[in-house]
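First comes the structure, then the notes that go with it.
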Amino acid sequence: MAELKLQHLDKIYDNKVQAVFDFNMDIKDGELIVLVGPSGCGKSTTLRMVAGLEDISAGHLLLDGKDITQTAAKDRDMAMVFQNYALYGHMTVYENMAFSLTLRKEDPNVIHKKVLAAAEILGLTSQLNKKPAQLSGGQRQRVAMGRSIVRNPKVFLFDEPLSNLDAKLRGATRREILLLHKRLKATMLYVTHDQTEALTLADRIVCMSMGRVQQIGTPLELYDSPANLFVAGFIGLPPMNFYNVLFEDGTLKGKGFAVELDGEEKDLLGNWYGKEIVLGIRPEDLEEGGELPVKVTMNENLGMNTLVNGTLGDGNRIVAKLRGWKEFRNGDTAGLKCKRKHFFDKDTTNAIRKEEC
Amino acid sequence: MNDTRITEERLEDKVFLRKDRMRYIKNTASSRLALLAILFNVLFFVSIYKSDVGSYYYTILIGASILYNLVFMLLVFLSSEGVKQYKKSYSLLLAILGIGQIVRIFIIPLNAHSTEITVKKVTSIVMGDAQFTRTVIYLAVSAACCLAGAAINLKKSMTLKAHIASLGGQSK
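Read top to bottom, the protein sequences are chains E and Y. Numbering-wise (my numbering), the first sequence opens with residue 331 and increments by one. Numbering-wise (my numbering), the second sequence opens with residue 43 and increments by one.
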């Protein structure tokens with residue numbers, strides 16, 4: 331049982347730079363929360379505040395209802411897995427995993443049982459006598475996770491644990507973390523700048539920018555209903571296409587192009603008639619055979635999909651992710667159709683939603 | 043060897059766990075005893091070389107003693123690494139070196155203790171009672187450390203071998 335409450339957390343460094351602004355969140359027992367955002371957005375700082383490695387400038391941190399804001403890191407019953415593994419090179423895998431328990435002077439037999447159990451979970455049983463230098467990056471990260479598991483902490487904290495791994499290993503280790511979470515049913519807080527990790531791992535995602543929370547929601551909510559331009563641009567690969575458009579006569583008019591709206595969309599934008607808004611179109615929401623004239627500048631075949639880079643209307647850049655293998659040449663004109671559109675207030679950058687209209 | 047699965051039931055058996063831990067934990071007891079043997083050997087020869095009376099020690103014997111000290115320290119250090127890995131053969135080496143330390147008591151300390159030398163018309167014993175006692179203790183402790191390390195390693199390596207065999211694996 332580990333419920334974590336982050337209440338109005340602020341982080342202000344000695345040089346008066348504020349890294350985190352009013353972070354609020356309730357994390358339920360057994361939830362896997364992913365903090366995602368670009369470098370410098372405050373996600374690692376937030377994690378370090380939760381871990382106790384950074385002082386909390388303002389706000390409260392509650393673990394199972396108990397205020398641990400001022401509690402020392404070692405007494406918080408949390409385990410952290412770092413990007414660089416932080417393993418002791420002169421110790422074997424077994425010794426690395428047993429280290430924290432040995433420091434606590436636990437019964438050697440109990441330590442042995444815990445290490446064997448963790449090694450079994452992580453598939454490291456045959457590696458226990460090896461030194462970290464003899465292991466692959468993925469195995470080293472598993473050892474780092476094993477070191478956390480043996481402690482049986484209330485909360486697991488992961489600080490970009492897969493960043494040092496190559497793409498293939500990253501995918502495999504990501505799946506292992508997901509399986510581990512399902513098996514342990516532990517509360518986990520995971521920091522990454524990789525949206526693929528965020529979307530595949532998270533029960534809920536916290537998207538951050540410039541030290542502020544932009545949106546908290548399930549992966550589908552963030553992908554399907556981004557709260558603002560930042561989230562819309564950050565979640566999704568390739569990122570969403572954005573255009574400044576004017577809503578007039580039931581259509582959205584951009585520079586050199588116009589997009590027809592259906593009845594529901596017209597209702598949604600009813601209050602925005604005659605105003606400029608931002609139209610967002612995900613590359614995967616575009617398909618061939620429509621009214622949008624796109625002049626192709628580059629064709630990238632990915633096997634199952636084709637990324638078509640081009641210009642829409644008067645030089646607006648557009649990326650479309652079309653199904654199947656396409657053979658567009660530079661200078662070809664493709665007519666694309668937009669299956670789904672997102673609308674944003676140009677001034678506030680917030681998404682335009684039904685309740686706001 | 044290490045991927046042998048262990049049943050839940052066996053993990054509750056303390057004796058089993060104690061033996062099983064040896065698969066992953068080094069034999070530090072034997073290794074540290076071996077290092078301690080080196081330390082006492084150093085105390086022994088420092089104690090001798092700094093207390094020469096006249097030029098009693100400047101003979102072929104002391105040359106051989108210096109060489110033996112170097113070889114002893116090298117071999118004991120190697121043994122300390124070997125016994126750390128529960129290698130049975132290093133128990134034998136450590137035991138031989140331990141016996142060698144006992145034999146050494148009867149070479150330099152005993153001879154020097156029973157020898158009188160006259161320097162500038164003053165006659166004195168090369169090694170006085172206090173120094174003799176000290177050097178004998180140093181060598182005896184060094185020998186004891188070697189022998190104890192060897193015995194512990196021998197017992198542990200046999201226990202580990204039997205344990206691994208009981209798990210159906212191969213010995214180290």
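Backbone N, C-alpha and C define an ideal beta-carbon position, used for all residues, glycine too.
Chain Y within 7 Å of residue i, Cβ atoms only
i, result
"N439 of chain E", "yes"
"H420 of chain E", "no"
"F673 of chain E", "no"
"K443 of chain E", "yes"
"L458 of chain E", "yes"
"Y424 of chain E", "yes"
"C668 of chain E", "no"
"Y343 of chain E", "no"
Expected contact under 8 Å - CB spacing of residue i and residue j to nearest Å
i, j, result
"K198 of chain Y", "Y128 of chain Y", "6 Å"
"D662 of chain E", "V626 of chain E", "5 Å"
"G640 of chain E", "I648 of chain E", "6 Å"
"F539 of chain E", "G367 of chain E", "In the sequence as displayed, the identity of residue 539 of chain E is Ser instead of Phe. Confirmed, Cβ separation roughly 6 Å."
"D407 of chain E", "K358 of chain E", "Between K358 of chain E and D407 of chain E the Cβ distance is about 17 Å, and since that is not below 8 Å, they are no contact."
"S72 of chain Y", "N195 of chain Y", "4 Å"
"R363 of chain E", "D533 of chain E", "Contrary to the premise, residue 363 of chain E reads as Ile rather than Arg in this sequence. Yes, I363 of chain E and D533 of chain E are in contact; Cβ-Cβ is about 7 Å, under 8 Å."
"L609 of chain E", "Y553 of chain E", "Actually they do not touch by this definition, with Cβ atoms about 18 Å apart."
"G620 of chain E", "G586 of chain E", "About 16 Å separates the two Cβ atoms, so there is no contact after all."
"N459 of chain E", "Y66 of chain Y", "6 Å"
"A137 of chain Y", "A192 of chain Y", "4 Å"
"L398 of chain E", "L339 of chain E", "Before going further, note that residue 398 of chain E is Ile rather than Leu in the sequence given. 12 Å between Cβ atoms; not a contact."
DSSP three-state assignment for residue i, whether helix, strand or coil
i, result
"K625 of chain E", "strand"
"L492 of chain E", "coil"
"A557 of chain E", "coil"
"K667 of chain E", "strand"
"R542 of chain E", "strand"
"A409 of chain E", "strand"
"H205 of chain Y", "helix"
"Q173 of chain Y", "helix"
"G563 of chain E", "helix"
"L75 of chain Y", "helix"
"Y180 of chain Y", "helix"
"N660 of chain E", "coil"
"Q400 of chain E", "coil"
"L383 of chain E", "coil"
"T522 of chain E", "strand"
"I535 of chain E", "strand"
"T548 of chain E", "coil"
"M200 of chain Y", "helix"
"Y91 of chain Y", "helix"
"D340 of chain E", "strand"
"A349 of chain E", "strand"
"E506 of chain E", "helix"
"I67 of chain Y", "coil"
"D394 of chain E", "coil"
"I363 of chain E", "strand"
"K676 of chain E", "coil"
"I80 of chain Y", "helix"
"D55 of chain Y", "coil"
"A516 of chain E", "coil"
"I306 of chain E", "It is not possible to answer for residue 306 of chain E, since the shown part of chain E is limited to 331 through 687."
"K335 of chain E", "strand"
"C687 of chain E", "For C687 of chain E, the predicted structure reports a pLDDT of 40, less than 50, and the residue's modelled location is therefore unreliable. The matter cannot be settled from this model."
"N195 of chain Y", "helix"
"G389 of chain E", "strand"
Residue-chain proximity (residue i, chain E), Cβ-Cβ < 7 Å
i, result
"T201 of chain Y", "no"
Contact test: residue i Cβ vs the ligand ATP heavy atom, cutoff 6 Å
i, result
"G586 of chain E", "The ligand content of the structure shown is nil, which means the ligand ATP is not present either."
message: Against chain E, which members of the region 52-66 of chain Y pass a CB distance test of less than 8 Å?
response: L53, K56, L59, R60, D62, R63, R65 and Y66
task: Scan the region 98-168 of chain Y and note each continuous beta strand (DSSP E) run of 3 residues or more that stays entirely inside, going in chain order.
output: 158-161 and 164-167
task: Please go through the region 580-655 of chain E and give each complete alpha helix (DSSP H) segment of 4 or more residues, from N-terminal end onward.
output: 593-598
message: Report the start-end ranges of each beta strand (DSSP E) in the region 414-478 of chain E that is 3 residues or longer and not cut off at the edges.
response: none
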